[in-house]
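>
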Amino acid sequence: MNYHSNREEKIAAFSNAPLSFSLSESDRDEMKRSAAQKIEELFDILLIDHKNDHNTRETPTRVARLFVDEILRGRFCDPPPITEFMNVNDYDQLIVTGPIQLRSTCAHHLMPIYGHAIIGVLPSSGGNIIGLSKYDRIVDHFASRLQIQEELIMQIERHIVDATRPRGLAVRINAVHMCKCHRGVKASRSSRMINNSYYGLLADHSDLRNEFLQEVATLERSLLGD
Ligand SMILES: [Zn+2]
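The sequence shown begins at 39 in the numbering used here and counts up by one.
(1) To the nearest angstrom, how far is it from the Cα of V106 to the Cα of S182?
(2) Measure the Cβ-Cβ separation of I211 and A155 and say whether it is below 7 Å.
(3) Could you check what DSSP says for V209 in three-state terms: helix, strand or coil?
(4) How would you write the range of the beta strand (DSSP E) that E122 sits in, first residue to last?
(5) Within the present structure, is the beta-carbon of H147 separated from the nearest heavy atom of ligand 1 by less than 6 Å?
(6) Within 10 angstroms of its Cβ, does I77 collect 16 or more other Cβ (buried), or is it exposed?
(7) What are the boundary residues of the alpha helix (DSSP H) that A201 is part of?
(8) Less than 7 Å between the beta carbons of Y237 and E195, yes or no?
(9) For V159, which residues of its own chain have a beta-carbon under 7 Å away from its beta-carbon, when the five flanking residues on both sides are left out?
(10) Could you have a look at S171 and say whether DSSP puts it in helix, strand or coil?
(11) Is DSSP giving A55 helix, strand or coil here?
(12) If you count every other CB in all the chains shown that lies within 10 Å of the CB of T121, and 16 or more means buried, which is it?
(13) Any Cβ of chain D within less than 7 Å of the Cβ of R227?
(14) List the whole-angstrom C-beta distance separating I191 from V214, where the pair is believed to meet the contact cut-off of C-beta under 8 Å.
(15) Over what stretch of residues does the alpha helix (DSSP H) that includes N234 continue unbroken?
(16) Following the continuous beta strand (DSSP E) through R141, name the residue where it begins and the one where it ends.
(17) Would a C-beta distance cut-off of 7 Å place M149 and Q187 closer than the cut-off?
(18) Can you say whether P119 is buried or exposed, counting buried as having 16 or more other CB atoms within 10 angstroms of its CB?
(19) Can you list, in chain order, the residues of its chain with a C-beta nearer than 7 Å to that of H220? Leave out the 5 residues immediately preceding and following it.
(20) With 16 as the cutoff for other CB atoms within 10 Å, does L240 come out buried or exposed?
(21) At a cut-off of 6 Å, would you count C144 as near ligand 1, judging by its Cβ distance to the nearest heavy atom?
(22) Any heavy atom of ligand 1 inside 6 Å of the beta-carbon of C217?
(23) Taking DSSP as the reference, what is the three-state secondary structure of T256?
(24) Please classify A225: does DSSP put it in a helix, a strand, or coil?
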């Protein structure tokens, strides 16, 4: 299927929502070629010589690849498969994993967002538990879109809840937004945005939230100055 067919319908979804279809490799190649041409046009408008300047000659192609293969990759492919293990001993206490590297792109300014996520899970006894590295892959999948941090955290939470049905879940993101550092108010890179999202028993019980936040404090202390 040519990804240009029904184009209007396909671009109607929010920019951080998944497409309702997947792109084939040839679709993505076509997308990269078209995007590179448009970036050349943009460079022409901005009086950047992409034909003769040795620095910018290949930049439109590189940037088109960067968008399709990395910055927007999470829109063009399915979420990572989740490997489940039987929770044979009915472990039902809080599991905290992180810091998970987070790299995303701000939907408002197309500038990098980077930092980390920390995830707390209260597994269902009698249910399954998932491999720890899957949380890193889930974060990376949803971060590989144009995002705002408030919606990114909710997409990560919703996906883990739907996929694993835990009794409780906490997601924390602690990130630097380069749109605040590299432009506008030109904030220091120690200026961060932190948000937490709680589900189930973690939303209902402050003692569980405090337990999560204590583990967060320990994990984040090791990152001071990062
Ligand atoms: Zn921004």
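Every residue, glycine too, gets a C-beta built ideally from N, C-alpha and C.
With the structure as the only source:
(1) Here the question's residue 106 lines up with position 68 in the sequence shown. Here the question's residue 182 lines up with position 144 in the sequence shown. Rounded to the nearest angstrom, the two C-alpha atoms are 10 Å apart.
(2) As a position in the sequence shown, residue 211 is number 173, starting the count at 1. As a position in the sequence shown, residue 155 is number 117, starting the count at 1. Contact: yes.
(3) Numbered from its first residue, the sequence shown carries residue 209 at position 171. If DSSP states are grouped into helix, strand and coil, V209 belongs with the strands.
(4) Within the sequence shown, the letter at position 84 stands for residue 122. Segment E122 to M124, the beta strand (DSSP E) holding E122.
(5) For the purposes of this step, residue 147 is identified with residue 109 of the sequence shown, where counting begins at 1. Yes, the beta carbon of H147 sits closer than 6 Å to at least one heavy atom of ligand 1.
(6) On the sequence shown, residue 77 is found 39 positions in, with the first residue counted as 1. By the 10 Å Cβ count, I77 comes out buried.
(7) For this step, residue 201 is matched to residue 163 along the sequence shown. Per DSSP, A201 belongs to the alpha helix (DSSP H) from Q187 to T202.
(8) What you label residue 237 is simply residue 199 of the sequence shown in a count that begins at 1. What you label residue 195 is simply residue 157 of the sequence shown in a count that begins at 1. Result yes, Cβ atoms of Y237 and E195 sit closer than 7 Å.
(9) Against the sequence shown, residue 159 aligns to sequence position 121. Excluding positions up to five away in sequence, the list reads I133, P204 and L207.
(10) Working through the sequence shown from its first residue, we reach residue 171 at position 133. S171: helix per DSSP, three-state reduction.
(11) On the sequence shown, residue 55 is found 17 positions in, with the first residue counted as 1. A55: coil per DSSP, three-state reduction.
(12) In the sequence shown, counting from the first residue as 1, residue 121 sits at position 83. Classification of T121: exposed, given that the 10 Å Cβ count is below 16.
(13) Within the model displayed, chain D is absent; a lone protein chain is all it includes.
(14) Residue numbering aside, residue 191 sits at position 153 when the sequence shown is read from its first letter. Residue numbering aside, residue 214 sits at position 176 when the sequence shown is read from its first letter. So it is not a contact: roughly 15 Å between Cβ atoms.
(15) For this step, residue 234 is matched to residue 196 along the sequence shown. It is not in any alpha helix (DSSP H) - N234 instead sits in the beta strand (DSSP E) that spans M231 to G238.
(16) The residue labelled residue 141 in the question sits at position 103 within the sequence shown. First-last of the beta strand (DSSP E) with R141: I133 to C144.
(17) The residue you call residue 149 lines up with position 111 of the sequence shown. The residue you call residue 187 lines up with position 149 of the sequence shown. It is not a contact, given that the beta carbons lie outside the stated cut-off.
(18) Sequence index remark: in the sequence shown, residue 119 carries index 81 (1-based). It counts as exposed.
(19) What you label residue 220 is simply residue 182 of the sequence shown in a count that begins at 1. M149.
(20) Counting from 1 along the sequence shown, the entry for residue 240 is found at position 202. Per the 10 Å Cβ criterion, buried.
(21) Position 106 of the sequence shown, counted from the start, is the residue given in the question as residue 144. True, at least one ligand heavy atom lies under 6 Å from that Cβ.
(22) One-based indexing of the sequence shown puts residue 217 at position 179. Yes - ligand 1 has a heavy atom lying nearer than 6 Å to the Cβ of C217.
(23) Here the question's residue 256 lines up with position 218 in the sequence shown. T256: helix per DSSP, three-state reduction.
(24) Taking the first residue of the sequence shown as position 1, residue 225 is located at position 187. Reduced to three states, the DSSP call for A225 is coil.
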